[in-house]
Every structure is written in structure tokens, then in C-alpha cells.
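Everything below concerns the one structure shown next.
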Amino acid sequence: MGVSMVYCGILISVMVVFKVSRSQDECKGSTCRDCIRFASDCAWCSQKSFNGTRCQKKNNLKVICQVDQIQFPNSLSSPIEQVNVRDGNSKENPIQVTPQKVAMKLRLRDTYSNNKITMYFRAANNFPVDLYFLFDNSKSMQPYITDLAQLAGNIGKSIGNISSNYTFGYGVFQDKVVLPFTDTTPAKLLNPCANEICSPPFEFQHILSMTKNLTQFTHVVNTTKISGNLDHPEGSLDAIMQAITCKEDIGWRNGSRKLLILATNDRFHLAGDGRLAGIVAPNDGACHLDSEKKYSKELTQDYPSISQIRETVIKNEVHIVFAVKDQREIFKELEKLVPNSVVESLADSKDSSQSMEKIIERKYREMVSKVEMKHNNIPGVTVSIKATSDICDAKGTNVCKAKQLIGETISFEVDISISDCSTKARTLTIFPESMRQDSLTVIIEALCDCDCEVKNNTWETASDLCNGGNGSLVCGLCECNQNYFGQNCECTSTNLDSGQTQCNRAGENSTKVCSGVGECECGKCICKDGYSGTFCECNDQACGLFQRQVCGGVRGQCDCGECKCAKGYTGSTCQCSVYNDTCKSPTTGQVCSDQGICECDTCVCKKGYTGKYCENCFLCGDNICDNNQYRQCAQCHFDKKTTCDEDCPSVEIVDSLKSYQVSSPCSIKQEDGCFLSFYVISSETNVTIIVQKTKTCSEPVDILPIVAAVVGGVVAIGLLLLLLWKILTSIFDKIEYARFQEDLKQCKWAKQENPVYKGATTTYKNPMMDSTEPLDGK
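If you read the sequence shown in the UniProt record's numbering, its first letter stands for residue 1, the second for the next number, and so on.
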């Protein structure tokens with residue numbers, strides 16, 4: 001079953017490929033509109049009195065149709081707005097993409113160069129840059145806040161090397177002011193710190209809007225008071241959501257590169273954690289800042305989900321740097337889910353490579369070292385974008401990455417094709433990722449109609465070719481007036497129905513008009529493709545196939561089920577050539593090597609000859625030994641049978657073939673293993689078989705020495721293995737005995753009295769004698 005399925009799959013694949021290849025080689029269509037929609041290289045001949053097929057490849061029509069009568073709409077594009085790229089300054093915004101607007105008219109599935117656009121991108125100098133610093137306001141982050149104030153000037157200088165048009169903003173965050181996230185006792189709500197005065201707890205507060213005044217930025221950062229909370233995770237995601245969506249309060253500029261730097265030393269709360277405090281309403285992803293620029297919905301809305309953060313980042317084209325001291329692993333996972341984000345280690349100020357200044361400069365250079373072109377998706381429109389500049393590390397994709405892109409012009413080839421004939425213009429937008437304000441707008445219209453079909457001076461009204469003026473000649477075809485029908489408007493509504501009976505085959509009761517494969521027009525059958533005849537009774541595809549083509553393709557045509565062969569061909573499917581060229585030997589040039597006749601391009605060889613050109617002689621040389629008749633005759637006479645075949649040639653039995661000086665006689669193996677030897681002498685008129693009367697046998701092999709050698713070898717190997725085992729065992733025993741002797745020397749025997757042993761001397765004490773009294777009684 002599996003084999004059958006594989007076979008069917010292969011067969012279907014071959015049929016599909018065959019069908020596709022045929023459709024690519026042909027053009028079909030009964031009207032100009034249908035023709036040019038069939039394929040992008042199909043054209044229509046609108047010439048009068050044209051007898052050929054009007055819908056063909058353009059190159060084919062150039063030979064048989066007047067060039068000015070060929071309808072072949074060309075895809076074309078024309079720029080509408082094209083301003084050169086430029087850097088930004090105080091008066092003008094930068095332009096990074098050109099052209100800005102293009103109009104295109106495309107044919108269906110057009111694959112030619114007319115459907116391509118070349119767009120250019122150049123990362124501009126002095127491009128607006130907005131940096132927003134969002135810091136964790138806990139006690140442990142105070143040293144990094146201090147470093148930020150001290151490094152503000154250096155950060156501005158680093159960014160200034162790339163763009164002088166930059167601004168800074170600043171905000172801090174903590175966590176929701178509710179148990180179990182924050183201690184809500186009255187004293188802790190006033191001062192959450194134990195040994196110093198801190199600011200009251202909050203979740204997010206925007207402190208400084210975007211500004212270029214570094215002195216003001218440094219002062220605000222230096223005067224920031226720390227705060228505190230209970231649990232370790234912070235409200236980082238709430239802070240990010242507010243910092244991005246509150247555009248007017250933060251001061252994000254339209255058309256700028258937006259960079260948000262979040263600095264923290266702990267993990268973040270996720271959507272759903274708010275339920276611990278009874279907060280069940282989901283985050284709405286909107287800006288909610290009160291008059292003090294604090295997050296006002298912290299106690300009524302849950303933390304945002306990562307998918308909400310992702311959507312917000314993409315929508316507002318913001319890049320994020322997660323500068324973290326700890327918990328790098330969890331932020332690395334967040335980096336995978338949030339586009340345009342990167343995780344950096346927040347080290348002590350002693351480590352200059354990981355200072356805030358270096359982190360920001362590294363991220364910004366990364367932002368301007370890669371450009372990725374994207375586009376909106378439109379049904380029926382296919383877009384391919386490929387970078388073609390040599391500066392790109394890898395060409396041929398929609399991404400160009402290089403060490404330095406600022407000031408470099410990058411070219412992209414945009415290939416656009418359409419697959420449907422929508423009457424409405426479609427708008428395609430192509431833009432660099434995270435810089436949607438710089439874009440190319442393409443207005444796409446479909447070219448699905450011919451110019452000759454539009455009613456204008458090309459129409460020949462009341463044309464004589466349309467049955468004396470019963471219609472107008474449009475694109476070479478008759479467009480009939482009302483109540484007239486037919487190819488040349490020869491039918492009227494009055495005789496249309498009356499001619500139906502004339503389209504049925506005479507003498508048959510069938511009610512099928514035109515045999516069911518045609519239409520009756522004015523008493524005449526107009527047959528479908530593949531059928532012919534007065535009543536469409538002939539199936540022009542019912543003839544036999546040769547080389548997978550009906551009647552051999554160019555060799556003949558199918559005429560009502562019978563192949564009519566072209567000149568030089570014959571046969572039921574025109575499979576045979578009347579010439580003998582295919583039967584001529586390429587070495588001798590002879591037809592079938594003069595040893596056969598050529599029938600239908602194939603050699604029919606004489607008896608004893610084989611091969612494509614009858615070049616092999618079966619009865620000549622070594623091949624004569626394979627002749628079954630000669631072998632049977634030789635065996636029969638060798639066995640001295642009296643009933644040998646009458647057709648056997650002359651057979652002679654001789655003592656030996658050596659006298660005939662035969663180098664390799666023919667042989668037949670006998671039942672006892674010996675061979676019968678014979679030799680065939682052939683001439684043009686006679687064949688003689690010479691048979692040796694004695695069989696040829698090989699000398700018997702002496703089995704005894706072989707058996708003795710095998711047995712002796714097995715015994716010798718066994719003894720050798722036994723000896724090897726004995727040697728290894730002895731060595732192992734000696735090692736173990738030596739180890740045992742060494743252990744005996746190191747033993748220390750315990751010296752204790754036997755608890756069962758009793759000595760020979762027993763001592764008793766008289767209780768009446770007091771040791772304090774003298775023995776003499778004094």
C-alpha cells in the first residue's frame with residue numbers, strides 16, 4: 001500500500017509539472033482581456049482578417065501580426081514624490097528614504113524587470129534621538145543613580161558624536177502601594193526606610209520631561225530620594241507601559257529614535273500577580289498619570305502582560321536597554337519576547353566597559369548599524385525586498401548590516417507582483433523597522449484590460465467584416481449589435497432557435513446538440529477545443545500516443561480518431577519514419593550492418609545477429625558456445641543417443657581437441673562435475689560440431705591434510721590460550737599473596753584479659769577489722 005501511495009504521488013507530481021510546463025508554453029483566451037490575464041508574456045493580435053491564433057506569445061505574434069496591432073500592456077512605474085536623502089538640521093527634518101511615493105501599473109504575475117523599484121536608504125546625521133532613563137528607586141540602586149548624574153555630560157558627549165539632536169528624560173519606579181507588595185502601616189507610608197528619611201512609596205513617577213539641558217537633568221537626578229517596598233519583584237512592566245504610552249508627558253518627539261534605559265537590580269511582577277492584592281482588572285495599556293505625574297491606576301489595574309509590552313514597543317517603535325545588576329537570566333528571557341530590546345550588565349562605576357555611558361553608546365551604535373526593510377501585507381500582492389549594496393554583510397535579504405551605516409547610501413531592490421485584478425488601487429508601504437516615518441508609498445493598479453477594448457477611435461463601428469455592419473470590430477473580433485449573434489454576427493434572434501435541430505446528427509435520436517461538446521450558432525456547431533466535425537462528433541484527442549504526444553506531436557494530427565501523418569512518417573500513431581536514418585550504423589554507415597532490414601526505425605536482424613544495428617554475430621566467435629541447439633546436439637552425440645534432433649548439423653567425435661588448436665573450446669558441465677568439450681566450425685554453407693569423446697575433470701583435492709591442519713590449528717590455539725590463562729592466574733595470585741603478607745605486618749593485635757579467666761589467688765577482707773584501729777589495741 002505504501003509503495004502504491006508513493007507511486008501515485010510521483011505520478012501526480014509528474015502530471016502537475018507536465019501541466020504547468022504546458023501552461024507556461026501556451027497562451028489561451030477568447031478575448032483580448034482573457035488573453036493578457038492568462039500569463040504575463042501573452043499578447044493579442046487585433047489585426048483585421050487575421051486567420052491565425054490571436055492569443056500567443058508576443059515573440060510569436062511579431063512574425064505573423066503587424067507590430068502596431070499587437071496588444072501587450074507593459075508593467076510600468078513612475079515616481080510621484082522623490083526628494084533626495086538629507087541630514088536633519090534646525091529647520092528641516094532628515095529624509096532617509098527615497099523615492100517617497102511611486103505609482104505602478106502591473107500585469108498579473110509579471111516577472112519582468114518593469115515590476116521592480118530601486119529604493120535608497122541613508123541613515124542621516126543629526127537624526128533626532130530621545131533617551132528616557134527609568135530607574136529602580138530602591139536603596140540598593142542609589143549608587144547607580146548617583147553615577148547617572150555624574151555621567152550625564154559624558155553620555156551627552158557620546159551621543160553627540162553621532163547626533164547632536166538629542167534629549168534626555170527621567171523617571172523612577174518602585175511597586176504598587178498595597179499589601180503584600182508594600183508595607184502599608186501609617187509610619188511606613190510616610191517613611192518606608194528604617195534608618196534614614198525616604199520618600200513615600202509609589203509605583204511609577206515621571207520626574208523630568210525630555211530636555212537637552214544637562215545641568216537641569218543632573219540636578220533632578222541628584223535630588224532624587226530613594227524609597228522602599230516589601231517583596232523583591234518590582235513594578236517594572238507598569239513603569240515601562242506608562243513611560244511609553246504617556247507621549248505628551250514624557251516628551252517623545254515624532255520621528256525620533258526612541259531609547260528607553262531601564263535600570264534595576266531585581267526581577268519584575270507579571271500579569272496576574274495583582275490578584276495577591278485583590279486587583280483583578282486587566283491592564284488597559286493606556287496612559288494614566290495624575291497631577292504629580294504618578295501612575296494613578298496602580299491600585300485598580302493589574303500589571304501588564306508581556307504581550308502587551310511587546311505590542312506597545314512595536315507600535316511606538318521604542319528600543320529598550322535592560323541594564324540589570326542581578327536576575328540577568330529572567331531579563332534574557334524577556335529580551336527574546338520583546339523586540340528591539342537588549343540586556344546589559346549594570347556593573348560598578350569602576351568597570352568603565354559596563355558603565356551607563358558605554359551601555360547607551362553601544363546600543364545606539366547598534367541601532368544605526370542595521371536597517372531592516374518591512375512592508376504592510378496586502379491580499380493579492382507579493383513583495384520581495386533585497387539589499388544590493390556591497391557595504392552590507394549579506395546581500396539578497398531585506399536586512400543590511402554593517403559596521404557603520406550613518407552617511408552611507410544603501411540600495412534595495414523591491415520586486416512587486418499581483419495575482420488578482422482588483423479594480424481599486426492598492427497602497428503598499430515600505431519602511432525601515434522602527435522608523436516608520438521614513439517610508440516609500442507605492443500606489444498599485446492592475447493592468448487587466450487591453451487598450452483596444454476601451455471604446456475610442458480604434459473601434460470600427462458597423463464593420464463590413466461583421467456580416468455587413470451588424471456589429472463593431474473590437475480588437476479584431478466582432479462585437480455584435482443587439483439581436484445579432486455568431487462570430488461574424490451572422491445570426492439573429494429569430495433563427496437562433498430554429499437552427500438547433502440542424503446541429504443534431506442526421507439519423508440519430510440523440511437530443512444532444514453538437515454531440516454535447518459544442519454550441520449551436522445559426523445551425524452550425526462551434527466545437528470546444530479538442531473536438532471537430534460537422535456535429536463535433538470527432539474527438540481529436542482520442543488517437544494513440546507516441547512519445548506521450550497525440551500522433552507523435554509534430555509527426556501528425558488526430559483527425560476524427562485517426563492519425564493523419566505528416567510527410568516522412570507512417571504508422572497508426574505516426575511512430576515510424578519512412579527513412580532509414582535511425583537504422584544506419586554510426587561506424588559503418590550501413591543500414592542494419594547489412595545483416596537485417598529496417599522496419600519502423602528499428603533493425604530486424606537475420607538469424608544469428610543481434611544488436612541495435614545487427615552488429616553482433618551470435619554464431620560467430622565466442623558467442624557460438626551459447627547456441628542452445630549446438631549444445632544439445634553435442635551432448636546428445638556424446639551420450640551416443642540414437643534419437644538426436646534431425647536438425648543437428650554434422651557431428652564428429654574425436655579423441656582430443658588439441659589437434660584443432662582451440663584456445664577456448666565450448667564446455668558443458670556434467671552431473672559428476674566434469675565438463676564436456678566441443679568446438680564448432682562454421683562457414684557460409686556448412687556447420688560442423690567437433691566433440692571430444694573424453695570428459696575433462698579437475699584433479700580431486702586431498703581432504704586429509706586440510707582436516708589435519710584445521711584440527712591442529714584449533715588444538716594449538718587452545719593450548720596457547722590455556723597457557724596464557726595459567727600465566728596470568730599465577731601473576732595475579734602472587735600479587736594477592738604479597739598484598740596479604742603486607743597486611744599481616746601492619747596488624748596490631750589487641751591485648752586484653754579474657755573476661756572468663758579467674759586467677760589462682762583469692763583475697764578476702766574481714767569486716768570486723770577496722771583499718772583505723774591499731775593492731776596492738778593501743
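Just so you know, even glycine gets a beta-carbon here, dropped at the ideal spot from N, CA and C.
Quick check on this structure: which residue in the options has the alpha carbon closest to the alpha carbon of residue i?
i: L465; options: F50, K28, G29, D41; result: F50
i: I689; options: K225, D130, L676; result: L676
i: K374; options: E366, R362, I64, A387; result: A387
i: D581; options: K358, Q575, C574, Q590; result: Q590
i: S256; options: A634, N265, N126, T146; result: N126
i: F431; options: K358, N686, M119; result: M119
i: I306; options: D110, G272, L276; result: G272
i: V680; options: I653, L704, C697; result: I653
i: S140; options: S30, C198, R107; result: C198
i: C246; options: V414, A425, D290, D147; result: D290
i: K524; options: V554, S227, N488; result: N488
Any beta carbon of chain B sitting closer than 7 angstroms to that of residue i?
i: V715; result: Here chain B cannot be found, since the structure has a single protein chain.
Does the ligand HEM have even one heavy atom less than 6 angstroms from the beta-carbon of residue i?
i: V102; result: Judged by which ligands are present, the structure shown has none, so any question about the ligand HEM falls away.
Check whether the Cβ atoms of residue i and residue j lie closer than 7 angstroms to each other.
i: H206; j: K332; result: no
i: P99; j: P79; result: yes
i: E521; j: C491; result: yes
i: R54; j: D449; result: no
i: F204; j: Y132; result: no
i: C27; j: Q66; result: no
i: V550; j: C558; result: yes
i: Q82; j: F121; result: no
i: D393; j: K401; result: yes
i: C592; j: C600; result: no
i: H319; j: M367; result: yes
i: A542; j: G530; result: no
i: L440; j: I378; result: no
i: T167; j: T111; result: no
i: T224; j: I145; result: yes
Return the chain-ordered list of same chain residues with a C-beta closer than 8 angstroms to the C-beta of residue i, the five sequence neighbours on each side being excluded.
i: T300; result: I279, A281
i: Y579; result: G568
Measuring straight from C-alpha to C-alpha, what distance separates residue i and residue j?
i: N627; j: K640; result: 20 angstroms
i: V381; j: I416; result: 7 angstroms
i: T762; j: Q741; result: 44 angstroms
i: T409; j: V85; result: 9 angstroms
i: L230; j: I261; result: 24 angstroms
i: H637; j: K669; result: 15 angstroms
i: K363; j: I406; result: 15 angstroms
i: S345; j: F173; result: 19 angstroms
i: G285; j: E317; result: 15 angstroms
i: L208; j: H288; result: 16 angstroms
i: C527; j: F535; result: 8 angstroms
i: C625; j: R631; result: 7 angstroms
i: V263; j: L134; result: Reading the sequence as shown, one finds Ala at residue 263 and not Val. Using only the alpha carbons, I get a separation of about 6 angstroms.
i: S164; j: A124; result: 12 angstroms
i: T729; j: A708; result: 31 angstroms
i: N137; j: A239; result: 12 angstroms
i: S23; j: C503; result: With a pLDDT of only 41 at S23, under the threshold of 50, the placement of this residue in the model should not be trusted, and no figure is reported.
i: C648; j: P665; result: 19 angstroms
Residues in the same chain with beta-carbon distance under 7 angstroms from residue i, minus the five sequence neighbours each way, listed in chain order, please.
i: V343; result: F322, V324, R328, F331, K332, E335
i: K765; result: none
i: C452; result: C32, S46, Q71, T458, V474, C475
i: L76; result: K105, N114
i: T218; result: A149, A152
i: T182; result: D175, K176, P201, N229, L230
i: N74; result: N114
i: D655; result: K693
i: S585; result: S593, Y613, E615
i: G507; result: For G507, the predicted model reports a pLDDT of 46, less than 50, meaning its position is unreliable; a value from the coordinates is still stated below. Same-chain partners within the cutoff: there are none.
Tell me which residues share the same chain as residue i and place their Cβ nearer than 6 angstroms to its Cβ, disregarding the 5 neighbours each side in the sequence.
i: D743; result: none
i: V546; result: Strictly speaking, residue 546 in this sequence is Phe, with Val absent from that position. Contacts found: G552, T573, Q575.
i: I717; result: none
Alpha helix (DSSP H) segments (min. 4 residues) lying fully within the region 327-385: 328-337, 356-367
Exercise for the section: At 4 residues or longer, and completely inside the region 139-184: list those alpha helix (DSSP H) runs for me, N to C. Expected result: 142-160
ask   = What are the start and end residues of each continuous beta strand (DSSP E) run of 3 or more residues lying completely inside the region 178-239, in chain order?
value = 204-211
Quick check on the DSSP output: what are the complete beta strand (DSSP E) runs of length 3 or more inside the region 555-595, in order along the chain? 556-559, 562-565
Practice problem: Only counting runs of 3 or more residues, tell me where the beta strand (DSSP E) segments fall wholly within the region 405-440, in order along the chain. | Solution: 409-418, 426-432
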